[in-house]
Amino acid sequence: MAVATNVSAPHTVFVYDTLMDDQVVQALLKHVPPSSSAVLNHYHRYSIKGRVYPAILPVETKKVTGKVLFGITNVELDVLDAFEDIEYERRVVEVSLLDKTEKLLVNAYVWSDKNDPNLYSEWDFEEWKRLHKEGFLSMTLGFMDEIEQPDSKTRVATYESYFQS
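As numbered in the numbering used here, residues 2 to 166 make up the sequence shown, in order.
What follows is the structure, given as structure tokens:
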């Protein structure tokens, strides 16, 4: 769904995964923007075989909890796009803010392969924090170092090389 936006206007982004963690956001954006808890109706958050991060896809009877990041600049959105890489497609979705009972159109990163056989079950943020946060945060910092290099690797390549070593 395409939505006309002012190029210089700040963006809003719904996050439902590792980006719900302020330390990961800090590593990527060099600050933690204002946020609000939100729900994305008619989507499901899946675990992905062989990955520690999740995917979302439309599922009529499900909902995904997360939060909306406010005031994201164009440069920061470019960083998020690079971080989400080709596995995700940035789409405009409607979320409900929990603290204001307000609905907003926001950006969200939706899994690009709706028929991926590696998707299963429900991804658990608390389990991720206990088991994978430390390693994922190190990978994220490595990604940010890498992105500044002229021959930088993609986030997927950085992730795979980090978690294989």
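We put the CB at the ideal spot given by N, CA and C, even for glycine.
Just so it is clear, the structure is predicted and the values come from calculations on it, not from any experiment.
Can you list, in chain order, the residues of its chain whose CB lies under 7 angstroms from that of T74, leaving out five sequence neighbours each side?
P11
According to DSSP, K31 sits in a beta bridge with which residue or residues?
For K31, which the question treats as bridged, DSSP gives no partner whatsoever.
Selection from I57, D86, A39, D100 that minimises the alpha carbon distance to Y47:
I57
Mind the definition here: the stretch 84 to 100 touches the stretch 36 to 44 only if three or more C-beta pairs lie below 8 angstroms; say whether that holds.
yes
Just to confirm, are Y17 and G67 a CB contact at a threshold of 8 angstroms?
yes
Burial state of N7 (16 or more Cβ within 10 Å):
Here the model assigns N7 a pLDDT of 46, short of 50, so the residue's position is not dependable and the matter cannot be decided.
Alpha carbon of L138 to alpha carbon of D82, nearest angstrom:
17 angstroms
If you follow the beta strand (DSSP E) that R167 is part of, which residue opens it and which one closes it?
This structure cannot speak to residue 167, because the chain is shown only from 2 to 166.
Do you know how far the Cα of V107 is from the Cα of G143?
28 angstroms
On the three-state DSSP scale, how would you describe V53?
coil
When DSSP labels each residue in this structure, what does T6 get in the three-state scheme?
Only weak support is given to the placement of T6: the predicted model assigns it a pLDDT of 44, under 50, and the question is left unresolved by the model.
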